[in-house]
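J.: The structure under discussion is supplied below as structure tokens; questions concerning it will follow.
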Amino acid sequence: MLDLPYLREKKEDAIKALSKRGIDANALVEGVLSIDSERRTLLADLESSKYEMNQASKEIGAAFQSGNKEKAQELKERTKVLKEIIKKGDGALSEVEGRLHDQLVLIPNTPHSSVPVGNSEAENEELKRVGDLPKLHEGAKPHWELASEYKLIDFELGVKITGAGFPVYKNKGARLQRALINFFLDEARHAGYEEVMPPHLVNAESAFATGQLPDKDGQMYHTELDHLYLIPTAEVPVTNIYRDVILEESELPQKLTAYTPCFRREAGSYGKDVRGLNRLHQFDKVEVVQVVDPKNSYDVLDEMVAHVASILDKLELPYRILRLCSGDLSFTSALTFDFEVYSAAQERWLEVSSVSNFESYQANRLKLRYRNEHGKPALAHTLNGSALALPRILASILENYQTETGIEIPKCLIPYTGFEKIEA
RNA sequence: GGAGAGAUGGCAGAGUGGUCGAUUGCACUGGUCUUGAAAACCAGCGCACCGAGAGGUGCCGGGGGUUCGAAUCCCUCUCUCUCCGCCA
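First residue of the first sequence: 55, per the numbering used here; consecutive thereafter.
Laid out in structure tokens, this is it:
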């Protein structure tokens, strides 16, 4: 959520930035600020009543100790009124604070100045294209046909075991999957990220802290008995490592990477988009997360974009980088770059990575701070990116690297797969 | 799952109704001393909110209660540890 002191001090900036999202920013911000001022008035009164009460209690204590019981009794009478006032004040305050919080979490992050205004993904800004689109041979197939022809993935078997969107990887398909995970993790490690293996289920507090709750409630799988959520991305458990933490300035930046499966209900998405590996309920992903000094979070964002690009370069897959427009920007992000690889047989671009700077939006929910140059706790900035999500990478490898005699393995992966080609 | 113990500042660990945001030790920061370091000594050292400031309020796992007053008493929830059972 947005930082309240920031909203108070830079109200106009916030409204201007939020307006890009096509929401009634003025009403949202003014609403929050008016509740906040109500809260502060209430708080000032309440605290002065508490001060009186505390003074009176001390006097009563002193009176008792000096044996002046009548005086103590007298004072006690006076505190009865104060007690009532305080009780009412406490109630009123927590009501106002609740309202303030409820309103505040409804405000999305302020888009960065470079974010183009737009309504949908159609208006995202294409920044760069890398690599030539492959020319496939006559009779080239989409990846789901290749997957079945070479017995790499069994979608129907997954349906039997679990349901649609839970494929079973087999043989060289499974090995290729494992190779990709290791390759991505090694690349991240070489780029300075420390590897972690977090839990795959999280509690509601964690899901709230990274912004999945309350706004994406229906997108996560939920375990009834223990009230835990299956992670939709490693971002949730990994970022929550830093919940309620105050880092020393010297400890920044924190760079973590994690491989996890990701679980998404994807409620409401059907049709051709979900064919094959295009959209799954369970998929694998390697994530990179950084916690940084606010001064250089945008340099770090560039660094993370370069990291993802270098992996796609090594895989020799054609890709493009997009700057998301305001309409496609996620609730918690200030600036996001998407990477899409070209899936040659489907003749379409598939999103394989999303790299975002959340500025202090997540940190505020996480209560993640660092000691600034004055030794005072201040909100840190958090960033994360996929590096990378596996299924669509696999899809484009299968399609782009297909030949009439089989599927070649990208050179950088051969040390990881232990085979150079997938043949019938 | 059964039985018991516990949850206090970065860590260790006091505190069982009043001046306790909390003794003390360690760690940390600054200073004195020293060629330098160590030791010793002195000082500082939690977080949040309100306030221009002075200052104030809250926080001893969470929530509720008793009381003029709660870290301390009561209720409740959560978590941790030990033993037993089960088990990869």
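We put the beta carbon where it would ideally sit given N, CA and C, even for glycine.
Keep in mind the model is a prediction, meaning the values are calculated, not measured.
List the whole-angstrom C-beta distance separating S255 from L284, where the pair is believed to meet the contact cut-off of C-beta under 8 Å.
T.: It should be noted that the sequence gives Leu, not Ser, for residue 255. With a Cβ gap of about 6 Å, L255 and L284 count as contacting.
J.: Name the one or two DSSP bridge partners that L282 has.
T.: T277
J.: How is the beta strand (DSSP E) around H435 delimited, first residue to last?
T.: Where H435 is concerned, the enclosing beta strand (DSSP E) starts and stops at 435-443.
J.: With DSSP collapsed to three states, give me the class of C316.
T.: Strand.
J.: Which ranges would you report for the beta strand (DSSP E) in the region 143-222 if only whole runs of at least 3 residues count?
T.: Counting whole runs of 3 or more residues, the region 143-222 contains the beta strand (DSSP E) stretches 179-184.
J.: Rounding to the nearest angstrom, what Cα-Cα distance links Y60 and L433 in this structure?
T.: 11 Å
J.: With DSSP as the reference, label T386 as helix, strand or coil.
T.: coil
J.: Here's the rule I'm using: 16 or more other beta-carbon atoms within 10 Å means buried, otherwise exposed. How should N294 be labelled?
T.: buried
J.: Using a Cβ-Cβ cutoff of less than 6 Å, which residues in the same chain neighbour E175 once the five nearest sequence positions on both sides are dropped?
T.: D382
J.: Applying the criterion that 16 or more other CB atoms from any shown protein chain within 10 Å of the CB defines a buried residue, is M55 buried or exposed?
T.: Here M55 is buried, its C-beta having at least 16 other C-beta atoms within 10 Å.
J.: Decide if L211 is buried, meaning its Cβ has at least 16 other Cβ atoms within 10 Å, or exposed.
T.: exposed
J.: Can we say the region 265-285 touches the region 232-251, given the rule of at least three CB pairs closer than 8 Å?
T.: no
J.: Contact defined as beta carbons within less than 8 Å: I believe A441 pairs with V362. What is the distance between those atoms, to the nearest angstrom?
T.: 5 Å
J.: From the DSSP output, in three-state form, read off Y470 for me.
T.: Taken through DSSP and simplified to helix, strand or coil, Y470 comes out as helix.
J.: Indicate whether the contact test is met: 3 or more Cβ pairs, each with one atom in the region 338-357 and one in the region 400-413, closer than 8 Å.
T.: yes
J.: Can you check which of these residues, H155, V135, E113, is closest to K125 by C-alpha distance?
T.: E113
J.: Specify the secondary structure class of F118 as computed by DSSP and reduced to three states.
T.: helix
J.: State yes or no: is the C-beta of K224 within less than 8 Å of the C-beta of D208?
T.: yes
J.: According to DSSP, simplified to helix, strand and coil, what is K309?
T.: strand
J.: What would DSSP say about L404, mapped onto helix, strand or coil?
T.: strand
J.: Can you say whether R94 is buried or exposed, counting buried as having 16 or more other CB atoms within 10 angstroms of its CB?
T.: R94 comes out exposed.
J.: Measure from the alpha carbon of L87 to the alpha carbon of each residue in S102, K74, N108, L58, then state which is nearest.
T.: L58
J.: Apart from the five residues on each side of it in sequence, which residues of its chain come closer than 8 Å, Cβ to Cβ, to E303?
T.: D347, Y424, R425, N426, E427
J.: Measure the Cβ-Cβ separation of M251 and A261 and say whether it is below 8 Å.
T.: no
J.: Determine the extent of the alpha helix (DSSP H) in which V359 is found, giving its start and end residues.
T.: 351-369
J.: Report the rounded CA-to-CA distance for D338 versus L444, giving the unit in angstroms.
T.: Rounded to the nearest angstrom, the two C-alpha atoms are 6 Å apart.
J.: For the structure I just gave you, are there three or more beta carbon pairs, one from the region 131-142 and one from the region 97-110, closer than 8 Å?
T.: yes
J.: Jot down the residue ranges of each uninterrupted alpha helix (DSSP H) in the region 63-148, minimum 4 residues, whole runs only, in chain order.
T.: 65-73, 79-119
J.: In angstroms with no decimal places, state the Cα-to-Cα distance between I235 and D99.
T.: 58 Å
J.: Helix, strand or coil for Q266 per DSSP?
T.: coil
J.: Is DSSP giving F412 helix, strand or coil here?
T.: coil
J.: Determine the direct distance from the alpha carbon of S167 to that of A81, and round the result to whole angstroms.
T.: 21 Å
J.: I need the straight-line Cα distance from I215 to P221, nearest angstrom please.
T.: Cα to Cα, I215 sits roughly 9 Å from P221.
J.: Within the continuous alpha helix (DSSP H) that includes R425, where are the two ends?
T.: Here R425 belongs to no alpha helix (DSSP H); instead the beta strand (DSSP E) covers 423-425.
J.: Tell me whether the beta-carbon of L489 lies closer than 8 Å to the beta-carbon of V342.
T.: Since the displayed the chain opens at 55 and closes at 478, residue 489 lies outside it and no answer follows.
J.: Can you name the residues that DSSP bridges to L376?
T.: E180, D392
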